[in-house]
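Residue numbers (the numbering used here): 741 to 928.
Quick reminder that beta carbons are idealized off the backbone N, C-alpha and C, glycines included.
Each remark here refers to the structure printed beneath this line.
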């Protein structure tokens, strides 16, 4: 069975330590376990609450996204909403006026400088692969730093708000047909 899992690129052996080759496989199964057991097991509910409180961490936010795919139980969606309400309780609603959207003008003015000229495909692929490796190393270092942040830290709160918005977007996009419209509207 292990050979099949290794050959299928599901598992890998890193210096004698067994792990999933892709993080999302781990997220999927962790979420599946929690979604299947939280109604019977209080510790699973506590684990889900902890994941939501630490939404700023990549692992936590991705597991929560998968949990929302595995269950329709409103308790989880309520917990996500409580988290969102706490995060934004001191914020005023955006009016989407010129003042609120000033950053967009700056971004649109910078677009012409972001356009790339024609380049050699093989060289671009080589450069892209090198950049992916560098980015992955930087991402791993950043994840390690983020995981050490106190949830009350300003950086953690900022990242948590981005992850929460991403989470709500995923739910709205992927579950619009299977969740009650009132719940979706309330979350949005």
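Within 10 angstroms of its Cβ, does residue 806 collect 16 or more other Cβ (buried), or is it exposed? buried
Kindly indicate which three-state DSSP category residue 830 falls into: helix, strand or coil? coil
Do residue 792 and residue 820 count as a contact pair if the criterion is CB distance below 8 Å? yes
Does the separation of the CB atoms of residue 795 and residue 903 fall below 8 Å? yes
Between the CA atoms of residue 768 and residue 884 - distance to the nearest angstrom: 21 Å
Every unbroken alpha helix (DSSP H) within the segment 790 to 816, with a cutoff of 4 residues, ordered by chain: 798 to 810
Pairing CB atoms from the segment 864 to 882 with CB atoms from the segment 780 to 787, are three or more of them under 8 Å? no
Residue 746: first and last residue of the uninterrupted alpha helix (DSSP H) it sits in: 742 to 747
Can you tell me whether residue 895 is helix, strand or coil according to DSSP? helix
List the residues that DSSP assigns as beta-bridge partners of residue 758. 753
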